[in-house]
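The structure appears below as structure tokens.
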Amino acid sequence: MYRVKTICCGLARPATSTKVLQYCRPCSQAKLSSNSKDSQTSRGPTARKYATKAAAEPFLNGTSSAYVEEMYNSWLKDTNSVHKSWDSHFKMVSQGAQPGEAYARPPSLGGSMIPVGATGMQPGAVGEKEITDHLSVQALIRAYQIRGHHSADLDPLGISQATINPDGLNTDLSYSHYNFAEEDLKRKFRLPRTTHIGGDKEMLSLEEIINRLETVYCRHIGLEYMFINNLEQTDWIKSKFERPGIMEFTNEEKRLIMARLIRSTRFEDFLAKKWSSEKRFGLEGCEVLIPALKVIVDSCTEWGVDTFHVGMPHRGRLNVLANLCRMPLEKIFCQFDSKLEAADEGSGDVKYHLGMSHERLNRVTNKNIKIAVVANPSHLEAVDPVVQGKTKAEQYYRGDTEGKSVMSVLLHGDAAFAGQGVVYETFHLSDLPAYTTHGTIHVVVNNQIGFTTDPRMARSSPYCTDVARVVNAPIFHVNADYPEEVVYVCKVAAEWRAKFGKDVVIDLVCYRRFGHNETDEPMFTQPLMYKKINKQPTVLSQYAEKLIKENVVKQYEYEDEEKKYDAICETAYIESKKQTAVKNSDWLDSPWGDFFSNQDPMKNPTTGISEDTLAHIGGLVSTAPENFDIHGGLKRVLRGRADMVKSRMADWALGEALAFGSLVKESIHVRLSGQDVERGTFSHRHCVLHHQNKDKVTYEPLNHLYPNQAEFQAHNSSLSEFGVLGFDHGYSTDKPNALIIWEAQFGDFHNTAQCIIDQFISSGQAKWTRQSGLVMLLPHGYDGMGPEHSSGRLERFLQMSSDDSDHFPVENENFEMQQLYDINWFVCMLSTPANMFHVLRRQIALPFRKPLVIMTPKNLLRLPEARSSFDDMLEGTRFQRAIPEAGAASEDPNGVKKLIFCSGKVYYELVKEREMKGNTDKIAIARIEQISPFPYDLVRKEIEKYSRAKIVFVQEEPKNMGAWCYVQPRMTTVLKRINTNREIKYVGRDPSAATAAGNKQLHMQELSKFLNDATHL
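Here is the structure:
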């Protein structure tokens, strides 16, 4: 192991831990060549000093003079090509000293440097200090690059610290820390290649070096980037900030910044004047956000981007919609009129949660662009993965494999950025091949407060942005009261994204002029901060004053620009008063106009396909290519599939594959995402085959079915639910004609993504007219595996279904479609592969889009009874919302004593128990496959058919969970409808706090008990 490095031959050579090598191997083995004629001639007088052995001996000590001459010639061309000690030596030789007098032996382990030579000059001591001082300068420069941001003037209020514990911080930014004195400030030093502060100069005085470092790293921009483990990237950032004079603006550019600040500021002023008591979560204190975002759009457009997907919290949203997206102002002002009713369906949402999509001309670049702001609830940062998924989808559909045309911009609050775990989950998707959007620009509106909590109580890290370091994203902190610095940082961020395709963070350190909202009193909790804020001039007034002093604009020009925008707002306000209703559809972030045109919303599609197609797909997904080495166990799986295809049968995995294959045949893109989806949690799917002897060699049968098919994708995700489900939801909203599926590893793992389910998936259409056809596969079933691997929490999805349990829908030819159209989503627990096949195809065949939640099975994946014939998937067949009894009991309905309704795998357990007791003709068992919307009509037919039977509902979940609480009132509504005094009874496990028993024996006892109760006459 190497521990010590000894400098020799201008290089750093390793020395062993037990022995220090004074000279490197080339030196110690080289032979003197002083007798060579070439060494004594055709060289300059200085070079000839090395040709005399006697003169060189004290210096060489065994070193080849030819080697020294070679270094000397190299030094003549480039003084940086040799070590600093040799640089010092050659300088002294060139000034007349003999080599022996100019040489200082490298320090020994004891640390002292002993001068070698017989003169009294003691040049070795001089050489040691010069080397030490040059190294100290390098260390000083590096200290600024690493920690200069801690000393930067970032806070407009002058109250924040860049660290929780500032004691002793940044002592290494002082020149005295490196043993320099005041008299050293005028000394010149050669600049290392690790900095660009010299520009074209190779040497600067220490004073100039410090001044330039202070200007770059300790003024109004704080740069965090030296943690990045890529030399090219760190050097690029240095070049963008360290070069002298690089951050300069023309007068025209300054005028543009001022004009944008005027729009940002006066918009908030106008809203405050017209609706002083309304909550609007204004941008006051960070008005520079609008110029910042606009320059990001301008710069990225110059680099080729034409589509921007924006995610942001509520603060400043109205201003962004107005001044970045150019949403017509009258439509924004309409949202303040509480008397206006919605002109279309949906409950709507508060104005500062809404999204929109708008195409316009970028006047700076003269290019057409599209900006979409995604609707977001008050659950801060929840929109982050949604925006990323939406961006990824558009990149995919447009073939933008490098993100050159479509990109995302995410806005954050400081407290949420540090506190919300979904931020971390989203960052970790940024470089994953199946989830990357090739660089996101993150802009943090750093109010230095979260509602009423200051940073000292809100985070443990120095900065709110520290989470971004985990993916090597550069972080640019900037004082938001300095617009030019903000604009420059945004330009660099845009270029970074274009060049490297990686995330970058801009931290706008600002303040919140009012409370959490405009009616809030902030001095309850932050009195000292708000005393300063009350005295703080606006960024617009400061910048306008600066430009007027610089004679860039005149006072009257500034005032005229303000009046011009005020008039625009006033005109829009008058127009808004003419509005009679508001349209929720105006606020869609991805309108699907072409999809809904010429569609009959009541057309009930069939989803069956031809037998030839089934056989073709089944045959290919059961076959591995030649010369592709697959696992032995997988060979048996594929042989089993092939046998099923020959027998015209399908198990669960094959039924699913037939649905996927038939859709890609019809040019429908299918994307399956989640933890372990390639193989499937229960090792049943195997839609991606892995070569056993070659890394990264895979084969996806579903992508080799037809010449011009759509693409099938199966992507194992990171171990994330919140982030990945949000991503897939966003992906599903970009285009309607794609089947997007997220699968949980186990059903209840969606718990950690509940925010996405509650705020986006179940309620998105009602709030934002945002349709989505996302499918959620949640493995569910009680197999004795314990509380965390049994329940997919079916009851939660049913509780959020928007149908009325007391209302029996009008029975006509549109009964089924009207139910599907009216409800917010579909919740199913299926029992056959054929129904799985149909319900997946129905997602695309329907003339509208609703999310689909499926409690997928576990033990049914391989249960021989849980197979379907190809006959159930042929043309003319469709999804069965409920499956009636088809056995002996159905042949004599009047003889049936008990009618059991159930869902999912418990059906097969009930059938087995019924057969064991010999009651096949006395007990009818009907399956409710689509629990929500409830199949009232089909349930009614079964109840009327078995008019003398007792009615029970059986479930394996505890009574306070599962479908019972949803089914019971709807069953009661059916019974009232047919005017019978019969009741519906519950059979299943007792109420419980835990979803399932952890003890296998207890599980079996519970199962045996309720199966016995259910089949007892």
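All you need for this note's numbering is the position in the sequence shown, starting with 1, plus 251. A virtual CB, placed ideally from N, CA and C, is assigned to each residue, including glycine.
- When the five nearest sequence neighbours on each side are left out, the beta carbons in the same chain lying within less than 7 Å of the beta carbon of GLU1195 are those of ILE1229, in order along the chain.
- The shortest C-alpha to C-alpha distance from MET708 to any of ALA666, ASP717, VAL743, VAL694 is the one to ALA666.
- Boundaries for ARG1113: no beta strand (DSSP E) harbours it, and the DSSP string shows neither H nor E there.
- Judged by DSSP in its simplified three-state form, TYR1033 adopts coil rather than helix or strand.
- When DSSP states are grouped into helix, strand and coil, MET563 belongs to the coil group.
- Per DSSP, the unbroken beta strand (DSSP E) holding GLY1239 starts and ends at 1235-1240.
- Collapsing the DSSP output to three states places GLU381 in a helix.
- In the same chain as PRO952, and ignoring 5 residues on each side of it, the C-beta atoms closer than 6 Å to its own belong to LEU871, VAL872, in chain order.
- PRO876 sits exposed, since fewer than 16 C-beta atoms from the chains shown fall within 10 Å of its C-beta.
- Under the 8 Å Cβ criterion, the segment 1211-1225 counts as touching the segment 1172-1186, having at least three qualifying pairs.
- Residue range 540-553 is occupied by the alpha helix (DSSP H) that includes LEU544.
- Non-local C-beta neighbours of ASN768 in its own chain, meaning closer than 8 Å and more than five positions away in sequence, comprise LYS530, ARG531, PHE532, ordered along the chain.
- Collapsing the DSSP output to three states places THR949 in a strand.
- A contact between stretches requires three or more CB pairs, one per stretch, nearer than 8 Å, and the segment 1002-1011 fails this requirement with the segment 692-705.
- For ARG506, the uninterrupted alpha helix (DSSP H) run begins and ends at 502-525, by DSSP.
- No Cβ-Cβ contact shorter than 8 Å links ILE1176 with ILE1202.
- Around the beta carbon of ARG1100, 16 or more other beta carbons lie within 10 angstroms, which makes this residue buried.
- Spatial neighbours of CYS741 in its own chain (CB-CB distance under 6 Å, excluding positions within 5 residues in sequence) are listed in chain order as ALA543, VAL546, ILE547.
- Along the segment 645-686, the beta strand (DSSP E) occurs as fully enclosed runs of 3 or more residues at 657-664, listed in sequence order.
- Straight-line spacing of the CA atoms in HIS955 and SER968 works out to 23 Å.
- For TRP747, the enclosing alpha helix (DSSP H) begins and ends at 734-751.
- Within the same chain, and ignoring the five residues on either side of GLU772 in sequence, the residues whose Cβ sits closer than 7 Å to its Cβ are GLY766.
- The continuous beta strand (DSSP E) containing GLU610 extends over residues 607-613.
- Assignment of beta-bridge partners to ARG1178 by DSSP yields ILE1134, CYS1153.
- With a cut-off of 8 Å on Cβ pairs, the segment 741-761 is in contact with the segment 688-696, counting three or more such pairs.
- Excluding residues up to 5 positions away in sequence, GLU581, PHE584, CYS585 lie with their Cβ nearer than 6 Å to the Cβ of SER827 in the same chain.
- Excluding residues up to 5 positions away in sequence, MET780, LYS783 lie with their Cβ nearer than 7 Å to the Cβ of ILE410 in the same chain.
- In this model, VAL1026 and GLY977 are separated by some 12 Å (Cα to Cα).
- Counting along the chain, the unbroken beta strand (DSSP E) around GLY925 starts and ends at 920-925.
- Within the segment 1055-1127, complete beta strand (DSSP E) segments of at least 3 residues are found at 1077-1079, 1103-1107, given in chain order.
- Three or more Cβ pairs closer than 8 Å define a contact, and the segment 1070-1080 meets that threshold against the segment 1043-1053.
- For THR691, the enclosing beta strand (DSSP E) covers residues 691-697.
- DSSP places PRO706 outside any beta strand (DSSP E); the residue lies instead in the alpha helix (DSSP H), whose first and last residues are 706-709.
- Looking at the DSSP output, ASP758 sits in a beta bridge with VAL695, HIS728.
- Each residue's CA atom was taken as its position, placing GLN1206 and LYS1168 some 19 Å apart.
- Taking every protein chain shown into account, the CB of ASN574 has 16 or more other CB atoms within 10 angstroms, so this residue is buried.
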